[in-house]
Ligand code: DGY
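In this note's numbering, the protein residues as written are 435 to 750.
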């Protein structure tokens with residue numbers, strides 16, 4: 435009997451064609467949303483491999499319901515949606531998709547930083563709505579990026595790729611990380627110092643118990659009033675209420691957010707009412723080439739698990 439692979443969202447044919455030859459591939463037939471919880475719990479009863487997406491919460495209940503499960507492969511570099519302790523307890527491998535998304539996510543980070551600094555989305559809206567009356571001396575003025583100080587919180591592979599882009603813009607780059615790195619042209623700073631000195635603060639750290647809510651009212655109050663906060667990591671790292679208050683009171687100049695505590699962010703969320711917030715629907719790694727490369731890694735993880743090869747990119 436072929437091992438059963440369950441995929442929680444519809445993926446492109448080319449991403450699953452290879453697996454279909456040797457495995458029984460079952461897939462939720464919607465490319466926009468994941469299988470509902472009930473369906474997931476039903477499907478994992480038979481599955482030996484589970485291919486998951488960021489919205490799927492893979493917790494003790496799922497592992498309990500999946501007696502034959504050998505591997506969970508997550509279509510993301512982040513894996514805060516998977517309970518690794520439970521995976522370990524149930525002797526299930528967990529893999530992610532690092533490296534292939536590094537440059538793409540760094541591009542998006544920089545695009546969001548530039549869009550926030552230069553009010554690109556707001557300016558577009560002004561043109562379309564007919565509010566553009568005339569060229570004006572201080573109309574749509576933003577913040578300088580070239581020569582500014584960038585503070586990166588979480589200096590992993592994506593952080594380094596963002597720093598390389600920043601250097602092309604003549605930026606001075608600071609970073610804060612759990613462990614100091616020996617890196618050229620970027621300077622380590624304590625978190626408070628980074629927040630005080632940076633014109634742009636970019637969050638790239640994973641969401642863990644340690645980083646949950648790490649940017650709250652106190653941290654935001656340390657930032658310059660002319661500064662922008664860019665979050666492309668996970669929503670839970672920033673206290674969204676404190677961020678809203680800081681932006682509304684002009685204690686912070688702008689924010690660029692690709693991630694939210696609740697995704698999709700409700701359209702009546704207070705942050706969405708502010709003109710100085712640029713929002714995106716969690717698209718850090720969303721290019722055709724990168725998403726297909728990530729899927730190829732997931733498929734390879736499943737194949738290597740069942741074909742007795744060493745499983746790469748294991749996080750558990
Ligand atoms: C990841 O891979 O963790 C990203 O957040 C997806 O864009």
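Heads up, the beta-carbon is just placed ideally off N, CA and C, and yes, glycines get one too. Quantities reported herein were computed from a predicted structural model and do not represent experimental measurements.
- For residue 580, the closest of 600, 713 and 619 by C-alpha to C-alpha distance is 600.
- Of all alpha-carbon atoms in 590, 615 and 583, the one lying nearest the alpha-carbon of residue 602 is that of 583.
- The criterion of a C-beta distance shorter than 8 Å is satisfied by residue 666 and residue 637.
- Using a C-beta cut-off of 8 Å, the segment 669-681 makes contact with the segment 690-703, since at least three inter-stretch Cβ pairs fall below that distance.
- Rounded to the nearest angstrom, the gap between the Cα atoms of residue 564 and residue 645 is 43 Å.
- If you measure from each CB to the nearest heavy atom of the ligand DGY, the residues under 5 Å come out as 510, 511, 512, 718 and 719.
- Taking a contact to require three or more Cβ pairs closer than 8 Å, the segment 709-720 and the segment 731-742 do not qualify as touching.
- Every unbroken stretch of the beta strand (DSSP E) spanning 3 or more residues and falling wholly within the segment 469-533 is given here in chain order: 483-486, 505-508 and 527-529.
- The closest CA to that of residue 649, considering only 540, 523, 673 and 689, is found on 673.
- Spanning the alpha carbons of residue 469 and residue 651 requires a straight line of approximately 37 Å.
- Cβ contact annotation for residue 721 (same chain, cutoff 7 Å, sequence separation greater than five): 538, in chain order.
- Around the beta carbon of residue 522, a 10 Å sphere encloses fewer than 16 other beta carbons of the protein chains shown; the residue is thus reported as exposed.
- Sorting 441, 664, 553 and 705 by C-alpha distance to the C-alpha of residue 681 places 705 at the top.
- At least 8 Å separates the beta-carbon of residue 511 from that of residue 486.
- In the DSSP assignment, residue 748 is bridged to 529.
- A direct Cα-Cα distance of roughly 33 Å separates residue 624 from residue 555.
- Residue 514 places its beta carbon less than 8 Å from that of residue 641.
- Closest option to residue 489, judged by alpha-carbon separation, among 483, 463, 447 and 442: 442.
- In terms of CA proximity to residue 574, 557 leads the group 557, 617 and 633.
- Cβ atoms of residue 499 and residue 478 come within 8 Å of each other, at about 5 Å.
- According to the DSSP assignment, residue 630 belongs to the alpha helix (DSSP H) that extends over 625-631.
- Scanning the segment 536-597 for uninterrupted alpha helix (DSSP H) segments of 4 residues or longer gives 536-551 and 554-562, listed from N- to C-terminal end.
- Nearest to residue 684 by C-alpha distance, out of 711, 702, 536 and 700, is 711.
- Contact between residue 596 and residue 544 is confirmed by a C-beta separation of about 6 Å, below the 8 Å threshold.
- Where residue 450 is concerned, the enclosing alpha helix (DSSP H) starts and stops at 447-456.
- As computed with DSSP, residue 639 is found in no beta bridge at all.
- When DSSP reads this structure, residue 689 sits in a beta bridge with 663 and 711.
- For residue 526, same chain residues with a beta-carbon under 7 Å away, outside a window of 5 residues either side, are 497, 503, 504, 505 and 506 in chain order.
- Around the beta carbon of residue 619, a 10 Å sphere encloses fewer than 16 other beta carbons of the protein chains shown; the residue is thus reported as exposed.
- Residue 614 holds the alpha-carbon nearest to the alpha-carbon of residue 587 among 614, 604 and 571.
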